[in-house]
Amino acid sequence: PPVPQSAVSRLVDSMIQTGGYKRLGGPAEFAPGSEVPRYPTSLVRAGLAAIVYTTFVIDTTGKIDPTTFKVTSVKTWRDRPAPYHDVLTGPDIDDVAPEQAFTHAVLAQVPHMRFIPARINGRNVRQLVTQPFTFTILP
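If you count by our numbering, then the sequence shown holds residues 277 to 415, one letter each, in order.
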């Protein structure tokens with residue numbers, strides 16, 4: 277039996293069929309010199325890493341259409357052991373919702389991010405993408 281389509285996949289299919297959109301399976305390519313999300317300093321010190329999964333439409337000029345931007349999920353983990361923490365000097369990092377801090381880091385850069393627009397038949401088109409933003413601590 278056929279698998280029922282979700283409302284989201286029906287919407288995506290109708291956007292593609294009506295033209296002017298391209299759906300790519302992978303992430304979009306950042307334009308040279310584009311802003312990218314900044315790693316929250318407190319989370320680097322705490323040894324936390326994350327992937328913020330998003331979906332959005334890139335317009336024909338390479339900008340994100342802010343009305344389409346959605347954070348679909350956030351996965352966090354410890355990249356290294358947590359440093360010693362003195363409860364008298366401030367809250368523990370686990371008390372300040374690291375998922376929210378990583379999400380905010382991505383949202384703060386949405387107006388400044390630029391991508392290479394998708395092209396169909398030699399002209400720029402709007403592009404629906406699923407884009408992960410990864411924050412990891414390098415050794």
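Cβ atoms here follow ideal geometry from the backbone N, Cα and C, with glycine treated the same way.
All values derive from a computational prediction rather than experimental measurement.
Rounded C-alpha distance that separates residue i from residue j
i: Pro367; j: Gln376; result: Note that Pro367 has pLDDT 49, beneath the 50 cutoff, so the model's placement of it is unreliable and no number is given.
i: Thr410; j: Thr337; result: 24 Å
i: Gln403; j: Asn397; result: 14 Å
i: Val320; j: His380; result: 15 Å
i: Val405; j: Ile413; result: 26 Å
i: Lys351; j: Ala304; result: 20 Å
i: Ala325; j: Arg356; result: 9 Å
i: Thr344; j: Arg354; result: 31 Å
i: Phe306; j: Gln407; result: 11 Å
i: Pro374; j: Val347; result: 15 Å
i: Thr331; j: Ser310; result: 18 Å
i: Gly323; j: Tyr329; result: 20 Å
i: Asp341; j: Val386; result: 9 Å
i: Asn400; j: Ser318; result: 40 Å
i: Val382; j: Tyr315; result: 9 Å
i: Arg395; j: Pro308; result: 17 Å
i: Ile327; j: Val333; result: 19 Å
i: Ser349; j: Phe378; result: 11 Å
Residues that DSSP places opposite residue i in a beta bridge
i: Thr332; result: Contrary to the premise, residue 332 reads as Phe rather than Thr in this sequence. Partner(s): Val405.
i: Arg390; result: Lys339
i: Ile327; result: Lys351 and Thr410
i: Asn397; result: None; Asn397 has no bridge partner.
i: Phe306; result: Phe391
Proximity test, residue i beta-carbon vs the ligand FAD heavy atom, cut-off 8 Å
i: Pro316; result: The ligand FAD is not part of this structure, which contains no ligands at all.
Burial state of residue i (16 or more Cβ within 10 Å)
i: Pro313; result: buried
i: Ala384; result: exposed
i: Gly301; result: Annotation note: pLDDT 46 at Gly301 (below 50); position unreliable, no value reported.
Chain B within 9 Å of residue i, Cβ atoms only
i: Val347; result: In the structure shown, chain B cannot be found, because there is only a single protein chain.
Touching by the beta-carbon criterion (3+ pairs, under 8 Å), the segment 331-351 and the segment 383-395: yes
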